[in-house]
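Presented below is the structure to which this report refers.
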Amino acid sequence: MAKTIQRSHLSKRYPGLSFVGVPHRPDCSEALRMTTVDCHVCGSDNVELLAVGEDFEYRTSPDSFLTVRCQDCGLVYMKHRPDMCELDRIYPVDYHAFNFSSKQFGFIYKVRRSLEAKRLLRACKGLGNDAKILDVGCGDGFHLNLLRDFGNKSWQVEGIDMSDHAVRAGREQGLTIHHGIVQTCELEQGSYDLALMIATIEHLDDPLTVLKSVKKLLKPGGRVVIVTDNTDTLDFKLFHQRHWGGYHFPRHWSLFSPATMRQLAVNVGMEVAELSTIVSPVNWVYSIRNFLDDWGAPTWLVNRFSLNSPVSLAIFTLFDNVHQWLGHGALLRVVLQNPGSPR
Ligand SMILES: [Zn+2]
Numbered sequence: 004m005a006k007t008i009q010r011s012h013l014s015k016r017y018p019g020l021s022f023v024g025v026p027h028r029p030d031c032s033e034a035l036r037m038t039t040v041d042c043h044v045c046g047s048d049n050v051e052l053l054a055v056g057e058d059f060e061y062r063t064s065p066d067s068f069l070t071v072r073c074q075d076c077g078l079v080y081m082k083h084r085p086d087m088c089e090l091d092r093i094y095p096v097d098y099h100a101f102n103f104s105s106k107q108f109g110f111i112y113k114v115r116r117s118l119e120a121k122r123l124l125r126a127c128k129g130l131g132n133d134a135k136i137l138d139v140g141c142g143d144g145f146h147l148n149l150l151r152d153f154g155n156k157s158w159q160v161e162g163i164d165m166s167d168h169a170v171r172a173g174r175e176q177g178l179t180i181h182h183g184i185v186q187t188c189e190l191e192q193g194s195y196d197l198a199l200m201i202a203t204i205e206h207l208d209d210p211l212t213v214l215k216s217v218k219k220l221l222k223p224g225g226r227v228v229i230v231t232d233n234t235d236t237l238d239f240k241l242f243h244q245r246h247w248g249g250y251h252f253p254r255h256w257s258l259f260s261p262a263t264m265r266q267l268a269v270n271v272g273m274e275v276a277e278l279s280t281i282v283s284p285v286n287w288v289y290s291i292r293n294f295l296d297d298w299g300a301p302t303w304l305v306n307r308f309s310l311n312s313p314v315s316l317a318i319f320t321l322f323d324n325v326h327q328w329l330g331h332g333a334l335l336r337v338v339l340q341n342p343g344s345p346r
């Protein structure tokens, strides 16, 4: 049942929850409609309280959001999340994934484009000339553009996204983008060699069901490459009570570690072909930004920590390289393979 939950409700429901030190925020608009969910990996409702936070980045609602850890499988997830009818509100038109362009992000766009192109071509290694690739949750087509510009010209490259804004922006660039979700969109089953889920799985309302649908779209031996925030990191340990950038309140609903990702693969019926971590400065930068913003730091200082700030991105890229070397980079990169041999 959809319902509204705000901080006072959370205090009553979870008496052990500490709001000490959490500044009061006046309501900035109407509360969101919310839905209460159980663990998406194992179905358990046995949880440990982890965090309470707000929409630090876009201020789309006055709500407080509760993130928990499943006591049975370890998945970190938002227990009371915005209802699906609220998606247009929590993904505003200025949301970065809809507008990640050279015009808006300049030098940072160019650096990320070059880095992501290398990572993407690595994911495509071994594909034949007739390969079909599907980018699930493609946003405005950032990765599709990279495949078109740097990949094999004979590949059939498609995306799917449920956002009107994103689909429109991608189609305006001449990209093939299906509007909808993989569970219901009429895509040819067993026809894709590779699916990409880059910064997608954490946004999904039911990652297990979506991944099962993606599996049906893949050929025997086909692969899905998942890139998502890693909870097995130092930044998570330091900031997990409220300010961790990976929570991206209220838009990241399921957050994985290597262990929970392996469990998800078992439940979906796919093999883990690769599991590693990759470097990203974003969660470090946003954890510090959220901390500063929450405690009323001056705007000039808060703005030093953002996707528009090359200096902080560069510093924390170096910093996360150390963690990557120790096997705990900020992002998880997982390649799951459909059983059977590629044709
Ligand atoms: Zn669980």
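Residue numbers (this note's numbering): 4 to 346. Don't be surprised by glycine CBs; every beta carbon is placed ideally from N, CA and C. Predicted model only: the values in this text are computed from it and were never measured.
TODO: Closer than 8 Å by C-beta to W287: which residues in its own chain qualify, once you throw out the five before and the five after it? Chain order, please.
DONE: D238, G248, F319, F322, D323 and A333
Item to check | Terminal residues of the beta strand (DSSP E) in which M264 lies | outcome: M264 -> not in any beta strand (DSSP E); alpha helix (DSSP H) instead, spanning P261 to V271.
Using a threshold of 7 Å, is the CB atom of C127 nearer than that to any non-hydrogen atom of ligand 3?
You won't find ligand 3 in this model; what it holds is ligand 1.
Original post:
With respect to 7 Å, is the separation between the Cβ of V44 and the closest non-hydrogen atom of ligand 1 below this value?
Top reply: yes
Margin query: Alpha carbons only, please: which of L221, H246 and C127 is nearest the one belonging to P342?
Written below: L221
With a 10 Å radius around its C-beta and 16 neighbouring C-beta atoms as the bar for buried, classify G46 as buried or exposed. exposed
In the structure shown, what three-state DSSP assignment does N286 receive? helix
Within its chain, find whatever has a CB closer than 7 Å to the CB of H243; leave out the 5 residues flanking it on each side and keep chain order.
-> L53 and A54
Q: Give a single yes or no on whether W235 has its beta carbon closer than 7 Å to a heavy atom of ligand 1.
A: Correcting the residue type first, residue 235 is Asp in the shown sequence and not Trp. Outside the cutoff, so no.
Opposing strand residues paired with N233 [DSSP bridges] | F259
Taking the alpha-carbon of G154 as reference, which of M87, R265 and R122 has the nearest alpha-carbon?
R122
At a cut-off of 7 Å, is D75 close to ligand 1 when judged by its beta-carbon and the heavy atoms of the ligand? yes
So, at 7 Å on beta carbons, what are the nonlocal neighbours of P261 in its own chain, with the 5 sequence-adjacent residues on each side left out? D235, L278 and L335
Compute the Euclidean distance between the alpha carbons of L35 and M81, then round it to the nearest angstrom. 14 Å
Problem set entry | For Y80, three-class secondary structure by DSSP | strand
### Own chain, CB closer than 6 Å to L207, minus 5 neighbours either side, in chain order
V213
Are V305 and L295 touching if we call contact CB-CB under 8 Å?
yes
*Could you give the DSSP three-state label for Q327: helix, strand or coil?*
helix
Q: Quick one: residues in its chain with C-beta nearer than 7 Å to the C-beta of L316, no 5 flanking neighbours on either side, listed in chain order?
A: I111, P284 and V288
* Endpoints, alpha helix (DSSP H) assigned at A54 -> Per DSSP, A54 belongs to no alpha helix (DSSP H); it is in the beta strand (DSSP E), V50 to G56.
Query raised in the report: How would you write the range of the beta strand (DSSP E) that A276 sits in, first residue to last?
Result: E274 to I281
Does the region 181-192 come within contact of the region 145-154, defined as at least 3 CB pairs closer than 8 Å? no
H146, DSSP secondary structure in three states:
helix
Exercise for the section: Would you check if the distance between the CB atom of L199 and the CB atom of I136 is smaller than 8 Å? Expected result: yes
- prompt: What number of angstroms, rounded off, separates the C-alpha of V337 from the C-alpha of V44?
  reply: 16 Å
request  = Out of V217, R265 and C141, point me to the one whose CA is closest to D167's CA.
outcome  = C141
Taking the beta carbon of P301 as the centre, do at least 16 other beta carbons fall within 10 Å, making it buried, or is it exposed? exposed
Would you say the beta carbon of L78 comes nearer than 7 Å to a heavy atom of ligand 1? yes
Check: Is it the case that the CB of L257 approaches a heavy atom of ligand 1 more closely than 7 Å?
Finding: The sequence given here has Ser at residue 257, not Leu. No, Cβ of S257 sits at least 7 Å from all heavy atoms of ligand 1.
Per-residue burial, D58 [other beta carbons within 10 Å of its own, 16 or more giving buried]: buried
Enclosing beta strand (DSSP E) for T302 [first to last residue]
Not the beta strand (DSSP E): T302 falls in the alpha helix (DSSP H), residues T302 to V305.
Next item on the list: Could you tell me which uninterrupted beta strand (DSSP E) segments, each at least 3 residues in length, are contained entirely in the region 116-193, listed from first to last along the chain?
Entry: 135-139, 159-164 and 180-182
- Do the CB positions of G177 and D138 come within less than 8 Å of each other? no
- Query: Within the present structure, is the beta-carbon of S260 separated from the nearest heavy atom of ligand 1 by less than 7 Å?
  - Reply: no
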